[in-house]
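Protein chains in written order, with the numbering used here: chain A, 7 to 119; chain B, 4 to 112.
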Amino acid sequence: EADIYQTPRYLVIGTGKKITLECSQTMGHDKMYWYQQDPGMELHLIHYSYGVNSTEKGDLSSESTVSRIRTEHFPLTLESARPSHTSQYLCASSHRAGANVLTFGAGSRLTVL
Amino acid sequence: GQQVMQIPQYQHVQEGEDFTTYCNSSTTLSNIQWYKQRPGGHPVFLIQLVKSGEVKKQKRLTFQFGEAKKNSSLHITATQTTDVGTYFCAGQAGTALIFGKGTTLSVSS
C-alpha cells in the first residue's frame, strides 16, 4: 500500500475561502508533485519539488502555491478559492535517483461553490 | 514542446475481447511507464520499460517499447470487468515525465 497521504479527501467550500491541501509521504522520497485532474480527464502537473526549499511551477498554470519545508510534507494552498478551482488534486512522490516512478496519494476532491 | 499522444481516448469492449492502447512520443524517451486509474481512484504504477524493443508481461497484460523508444503499447488479452479504468502512459524525456491523456476502458459482461 502506498505511503503517501492526502487530507482532506473531500472538501466543499465557498468562494473566497483560503484552503490548504495536505500531502505527506513516509517513503523518504526527494521528489514530490501536485497534479490537477478533472473527472475522467488527463493529469496536469501544477507544481513539483526536488527537495527541501525547492519548488517549481508545472506545465499548467495554477493560482495555487506550494511549500517544501520538510522532505515528507508538500502542502498546496489556494489563497482565495473560486468555482474554477473545482477539481481533484493528486499528490505524488518519487525517488531522486533512478527511474522517476510515481507513487500517488488518494487525492483531494475540491468543490468550490 | 514534448508531447506523448495516446490513442484511443475511449474503448468499449465485451468481456473476453482483447484491448490495446498506444502511445507515441515526439521525442526519444529514456523510459516509459504505464499507470492504471480505477474509476474514482488514483493512478497506480503498473510497469516501466527501459530497453529498445522491450516486451514485458503481467498475466494478461503485455507491454511493448518500440525499437526507436518513441512508442509503446499495452495489450490486454481476454478483458475482464476488473480491467475497467483509465490507462495512462508516461514517457521520461530528460527530467520530465510526460503523461499521455489516457485511454478509458469500459467492459460489458
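Ideal Cβ placement from N, Cα and C applies to all residues, glycine included.
| task | For threonine 31 of chain B, return the contacting residues in chain A, with the cut-off set at a CB-CB distance below 9 Å. | result | Those do not exist, as threonine 31 of chain B stays about 16 Å from chain A at its closest Cβ, beyond 9 Å.
| query | Using a beta-carbon distance below 8 Å, is leucine 49 of chain A in contact with chain B? | reply | True, the Cβ-Cβ gap to chain B drops below 8 Å.
| said: Between the alpha carbons of asparagine 74 of chain B and threonine 21 of chain A, how many angstroms are there, rounded? | reply: C-alpha separation (whole angstroms): 43 Å.
| request: Closer than 7 Å by C-beta to lysine 59 of chain B: which residues in its own chain qualify, once you throw out the five before and the five after it? Chain order, please. | output: Ile50, Leu52 and Phe66
| said: Give me the chain A residues within the contact set of glycine 69 of chain B, using Cβ-Cβ distance strictly less than 8 Å, ordered along the chain. | reply: Chain A residues near glycine 69 of chain B: none, gap ~18 Å exceeds 8 Å.
| field | Where the region 44–56 of chain B meets chain A: residues whose CB sits under 8 Å from a CB there | value | Gly44, His45, Pro46, Val47, Phe48, Gln51 and Val53
| field | Proximal residues, the region 100–112 of chain A versus chain B, C-beta separation under 8 Å | value | Ala105, Asn106, Val107, Leu108, Thr109, Phe110, Gly111 and Ala112
| is_contact[leucine 27 of chain A, chain B] using C-beta, thresh 8 Å | no
| Which residue comes first and which comes last in the beta strand (DSSP E) that contains arginine 115 of chain A? | 114–118
| field | Alpha-carbon spacing of cysteine 26 of chain B relative to leucine 96 of chain A, whole angstroms | value | Using only the alpha carbons, I get a separation of about 23 Å.
| At a Cβ threshold of 8 Å, is lysine 104 of chain B touching chain A? | yes
| query | glutamate 62 of chain A bridges to which residues according to DSSP? | reply | A/Tyr54
| phenylalanine 48 of chain B - containing beta strand (DSSP E), residue span | 47–52
| field | Residue-chain proximity (glycine 46 of chain A, chain B), Cβ-Cβ < 8 Å | value | yes
| message | Here's the rule: buried if 16 or more other CB atoms are within 10 angstroms of the residue's CB, otherwise exposed. What is isoleucine 101 of chain B? | response | buried
| query | So, are the CB atoms of threonine 82 of chain B and glycine 19 of chain B less than 8 Å apart? | reply | yes
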